[in-house]
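Engineer:
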Amino acid sequence: MNKEKRLFGKTLMVLVTIFFYLPIVFMMIFSFNEGKSLTHFSGFSLRWYQTMLKSHDMMESLYVTIIIALLATLISTIIGTITAIGLSNSKKIIRKIVTQINDFPLMNPDIVTAIGLMLLFITFKIEKGFLTMLLAHIAFCIPYVILSINPKIRSLDPNLADAAMDLGATPTQALTKVIIPQIMPGIVSGALIAFTMSFDDFIISYFATGKGVKNLSIMVYTMSKRVNPSINAISTLVVVLITTALLILNLMPLYREKHPKKPGHNKRMTIVFAVVVCIIGSYVFFKNNVAEKPYSGQTLRIYNWGEYTGENIIQDFEEETGAKVVMDNFDSNEQMYIKVANGESYDILVPSDYMIERLIQEDLLMKLDTEKIQSALDLYVEDVLDLPYDPGNHYSVPYFWGSVGIVYDTNKVSLEELEEQGWNIFLNEKYKGDIYLYDSERDSFMMALKALGYSMNSDSETEIQEAYKWLIQCVQTMEPEIVTDEIIDNMAQARKALGLIYSGDATYIMSENEDVGYFEPLQGTNLWCDAMVIPKNAQNVELAYEFINYAAQYEGAYDNSSYVGYSSSNEEVLNELANGEFEGINAYLPRSGYKYDEQFKYNEETKKIISDLWSRVKIVASNS
2 MNKEKRLFGK
12 TLMVLVTIFF
22 YLPIVFMMIF
32 SFNEGKSLTH
42 FSGFSLRWYQ
52 TMLKSHDMME
62 SLYVTIIIAL
72 LATLISTIIG
82 TITAIGLSNS
92 KKIIRKIVTQ
102 INDFPLMNPD
112 IVTAIGLMLL
122 FITFKIEKGF
132 LTMLLAHIAF
142 CIPYVILSIN
152 PKIRSLDPNL
162 ADAAMDLGAT
172 PTQALTKVII
182 PQIMPGIVSG
192 ALIAFTMSFD
202 DFIISYFATG
212 KGVKNLSIMV
222 YTMSKRVNPS
232 INAISTLVVV
242 LITTALLILN
252 LMPLYREKHP
262 KKPGHNKRMT
272 IVFAVVVCII
282 GSYVFFKNNV
292 AEKPYSGQTL
302 RIYNWGEYTG
312 ENIIQDFEEE
322 TGAKVVMDNF
332 DSNEQMYIKV
342 ANGESYDILV
352 PSDYMIERLI
362 QEDLLMKLDT
372 EKIQSALDLY
382 VEDVLDLPYD
392 PGNHYSVPYF
402 WGSVGIVYDT
412 NKVSLEELEE
422 QGWNIFLNEK
432 YKGDIYLYDS
442 ERDSFMMALK
452 ALGYSMNSDS
462 ETEIQEAYKW
472 LIQCVQTMEP
482 EIVTDEIIDN
492 MAQARKALGL
502 IYSGDATYIM
512 SENEDVGYFE
522 PLQGTNLWCD
532 AMVIPKNAQN
542 VELAYEFINY
552 AAQYEGAYDN
562 SSYVGYSSSN
572 EEVLNELANG
582 EFEGINAYLP
592 RSGYKYDEQF
602 KYNEETKKII
612 SDLWSRVKIV
622 ASNS
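First residue of the sequence shown? That's 2 in the working numbering, and the numbers climb one at a time after it.
So, in structure tokens, the structure goes:
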């Protein structure tokens, strides 16, 4: 019986170990994947490690993560140790109050702490960036240090310090040579927990940072919005670094036992270390100061969608101009609007058409100098110029454009069905449980309104209610999976029959799987355009113009479009990719001039109604 119990225990332990470590092994294997897929291994390659090392943002985020974690650990450990020792000699009432205050952040949800810290920084008008992130990390690490040290202090003899001073020790010596060595295990435990919490944190960091300062968790979050296997590469690098550090920490005591320290050893090592630092520092200094470039020392702040730029455009622009580009990412136009409306300063924004219309109405955008952007506009296709949201392109220079359509598995869905049913195919019970809906209130209601024969910009309450009932019928009878960008990799593997998708994402999917197609229903669809604009509070307008023109030129536009998959506004690039890399992929070249296709118009009242109704649709979907 005991043997069976032991066998069961060992088996359970092995299964638990596999459960925890298999995802890490899976991630490390796919970091060497030749293709973009995060689930289908197509061949060995170091491509994503090269991409990672070339990426200024990724390497800087790793650097920020490590520096913040080390500083937060050091400072919080010092403060926490002093506080814990001080509390041990305080009155009971003070000790009780401070302990309860210390425990509160541990029990508080991270989101509440994050918002509280954000409001604190805003109230005292502290500009968010590296310092605010560091302060936030110190604040939430200190309680963990105190909690780890308190049990060790309580186990000490309360007369230990007095005995040391009776024997001739000063109060400082009693603290550093008697008390601290006794509680060192607690200090080390607290420091390790603080480092782990800081290195791992996302929510508090996300709300406490600004000025383009991102740690690794924020970077991975923005990268995961679209398929980017560099996530696997940088995560594997972190795993290797941590594993190496743990091996060194565990093997160092054994090494010291076999190789006792020699006189002068530490001094020699210090000299060698100082020389190495000087050499590296000199190399970096001279490398960065060999040739003065037109915008050396200047910083360009861009607020763009996540994973919406090419592999090389940022690095190439920095190399050509000498400027530093800091790019923040947003998930939605509404998230971008909140920051801009509250006065956060960026030099370039990349909002969608209807949001540009809103920003113009609220006088938040700078009117562009025609002479400075005309050379860029001359390169563009007519379909993206002089559109209703910005007639004459006085405020915006197009970036990407495309449509919303249906991505489908050609082995399951026929083109004849799509042509006959259009958007109503999402009500065809033949595909029950085999469809994706995109978690976008605007495009979901666009689909429903178009299916009913209405304008997607309808402000009729009756028509909107009909569209709501259409969506309710869809989620109740069809059991769809409501997703965001995970549809990209899922449909590349043809895991469902069809789904609602943006044309650029469909382009990638079709390039990965030749059995997948893209269809724009004949009832009409959303023909959208994202464009570059300069907000009125921009700090570096001239550099913003430089980037806009650089992104519009052939090299920048080609790098952007070929990597991301969305349709380029540059006519030469559009034609070259449509007849080259993306030949035969109809999703890359949206139809134009079709009478039932529309662009969204800004209507605040309609938006509020649709937002509320879409929330109800998702509740019904989750309960179905």
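Backbone N, C-alpha and C define an ideal beta-carbon position, used for all residues, glycine too.
These numbers come from a predicted model, not from an experiment.
Tell me which residues share the same chain as residue 139 and place their Cβ nearer than 7 Å to its Cβ, disregarding the 5 neighbours each side in the sequence.
Structural biologist: Same-chain partners within the cutoff: 73, 76, 77.
Engineer: Can you check the region 320-356 for any beta strand (DSSP E) of at least 3 residues that lies completely inside it and give the ranges in chain order?
Structural biologist: For the region 320-356, whole beta strand (DSSP E) runs of length 3 or above, ordered along the chain, are 325-331.
Engineer: Can you grab the Cα-Cα spacing for the pair residue 494 / residue 587, in whole Å?
Structural biologist: Rounded to whole angstroms, residue 494 to residue 587 spans 19 Å at the Cα level.
Engineer: Between residue 303 and the rest of its own chain, which residues show a CB-CB distance below 6 Å, the 5 nearest in sequence each way excluded?
Structural biologist: Same-chain partners within the cutoff: 328, 349.
Engineer: Contact defined as beta carbons within less than 8 Å: I believe residue 404 pairs with residue 312. What is the distance between those atoms, to the nearest angstrom?
Structural biologist: Incorrect: roughly 25 Å between the Cβ atoms, too far for contact.
Engineer: Considering only the alpha carbon of each residue, which of 480, 442, 504 lies closest to residue 609?
Structural biologist: The shortest Cα separation from residue 609 among 480, 442, 504 belongs to 442.
Engineer: Take residue 358 as the anchor and find which of 392, 370, 120 has the nearest alpha-carbon.
Structural biologist: Checking every option, the nearest Cα to that of residue 358 belongs to 392.
Engineer: Evaluate residue 598 with the Cβ neighbour count: other Cβ atoms within 10 Å of its Cβ, from every protein chain shown; 16 or more gives buried, anything less gives exposed.
Structural biologist: Label assigned to residue 598: buried.
Engineer: Flag this pair as touching only if the region 428-439 and the region 467-482 have three or more C-beta atom pairs under 8 Å; answer yes or no.
Structural biologist: They touch, by the three-pair rule.
Engineer: Output yes or no for whether 8 Å exceeds the beta carbon distance between residue 388 and residue 444.
Structural biologist: No, the pair does not count as a contact, with Cβ atoms beyond the cut-off.
Engineer: So, do the region 118-134 and the region 54-64 have three or more beta carbon pairs nearer to each other than 8 Å?
Structural biologist: As far as the Cβ criterion goes, the region 118-134 does not touch the region 54-64, which means the pair count is below three.
Engineer: Suppose the cutoff is 8 Å on Cβ atoms and the five residues either side in sequence are ignored; what does the same chain contact list for residue 30 look like?
Structural biologist: Excluding sequence neighbours, residue 30 sits near 42.
Engineer: Given a cut-off of 8 Å, decide if residue 476 and residue 625 are closer than it, judged by their beta-carbon atoms.
Structural biologist: Yes; because the gap between Cβ atoms is below 8 Å, this pair is in contact.
Engineer: So who's on the other strand from residue 568, going by DSSP bridges?
Structural biologist: Answer is 402, bridged to residue 568.
Engineer: What's the call for residue 85, buried or exposed, on a 16-neighbour Cβ count within 10 Å?
Structural biologist: Burial call: buried.
Engineer: Anyone know if the C-beta pair for residue 533 and residue 397 falls short of 8 Å?
Structural biologist: Contact: yes.
Engineer: Could you give the DSSP three-state label for residue 7: helix, strand or coil?
Structural biologist: Three-state DSSP puts residue 7 in a helix.
Engineer: With a cut-off of 8 Å, does the C-beta of residue 496 fall near any C-beta of chain D?
Structural biologist: Considering every chain present, this structure includes no chain D. It has just one protein chain.
Engineer: What does a CB cutoff of less than 7 Å around residue 291 pick up in its chain, not counting 5 residues either side in sequence?
Structural biologist: Note on residue 291: pLDDT 42, under 50, position unreliable in the model; no value is reported.
Engineer: Please classify residue 185: is it buried, with 16 or more other beta-carbons within 10 angstroms of its beta-carbon, or exposed?
Structural biologist: Burial call: exposed.
Engineer: Between residue 408 and the rest of its own chain, which residues show a CB-CB distance below 7 Å, the 5 nearest in sequence each way excluded?
Structural biologist: If we look at residue 408 and ignore the five residues flanking it on each side, its Cβ neighbours are 492, 499, 500, 502, 507, 510, 517, 519.
Engineer: From what residue to what residue does the alpha helix (DSSP H) around residue 78 run?
Structural biologist: Residues 57-89.
Engineer: Using a threshold of 8 Å, state whether the C-beta atoms of residue 314 and residue 104 are closer than that.
Structural biologist: Cβ distance not < 8 Å, so residue 314 and residue 104 don't count as in contact.
Engineer: Please report the Cβ distance between residue 535 and residue 380, rounded to the nearest whole angstrom; I am assuming they are in contact, meaning their Cβ atoms lie under 8 Å.
Structural biologist: No, residue 535 and residue 380 are not in contact; Cβ-Cβ is about 19 Å, not under 8 Å.
Engineer: Decide yes or no for the touch test of the region 202-217 against the region 103-121: beta carbon pairs closer than 8 Å, at least 3 of them.
Structural biologist: Result yes; three or more Cβ-Cβ pairs closer than 8 Å.
Engineer: So what does residue 536 bridge to, in DSSP terms?
Structural biologist: In DSSP, residue 536 forms a bridge with 366.
Engineer: What do you get for residue 284, buried or exposed, if any count of 16 or more other CB atoms within 10 angstroms of its CB means buried?
Structural biologist: Bear in mind that the predicted position of residue 284 carries a pLDDT of just 41, short of 50, making it unreliable; the figure below should be weighed with that in mind. It counts as exposed.
Engineer: Which value, in whole angstroms, describes the spacing of the CA atoms of residue 469 and residue 512?
Structural biologist: Straight-line Cα distance between these residues: approximately 34 Å.
Engineer: Rounding to the nearest angstrom, what Cα-Cα distance links residue 307 and residue 330 in this structure?
Structural biologist: Rounded to whole angstroms, residue 307 to residue 330 spans 5 Å at the Cα level.
Engineer: Can you tell me the Cα-Cα spacing of residue 1 and residue 305, whole angstroms?
Structural biologist: In the structure as shown, the chain begins at 2 and stops at 625. Residue 1 is therefore absent and cannot be evaluated.
Engineer: Who are the near neighbours of residue 385 in its chain, counting only those whose CB is closer than 6 Å to its CB and skipping five residues on each side?
Structural biologist: Here the set comprises 399, 402, 530, 570.
Engineer: Helix, strand or coil: how does DSSP classify residue 244 here?
Structural biologist: Helix at residue 244.
Engineer: If contacts are defined as beta-carbon pairs under 8 Å, then residue 156 and residue 194 qualify, I think. What distance do you get, rounded to the angstrom?
Structural biologist: With 8 Å as the limit, residue 156 and residue 194 do not qualify as a contact, their Cβ atoms being about 19 Å apart.
Engineer: Would you call the CB atoms of residue 322 and residue 547 closer than 8 Å?
Structural biologist: Cβ atoms of residue 322 and residue 547: closer than 8 Å.
Engineer: Rounding to the nearest angstrom, what Cα-Cα distance links residue 8 and residue 16 in this structure?
Structural biologist: Distance between the alpha carbons of residue 8 and residue 16: 12 Å.
Engineer: Since residue 530 sits in a beta bridge, which residues does DSSP pair it with?
Structural biologist: Answer is 402.
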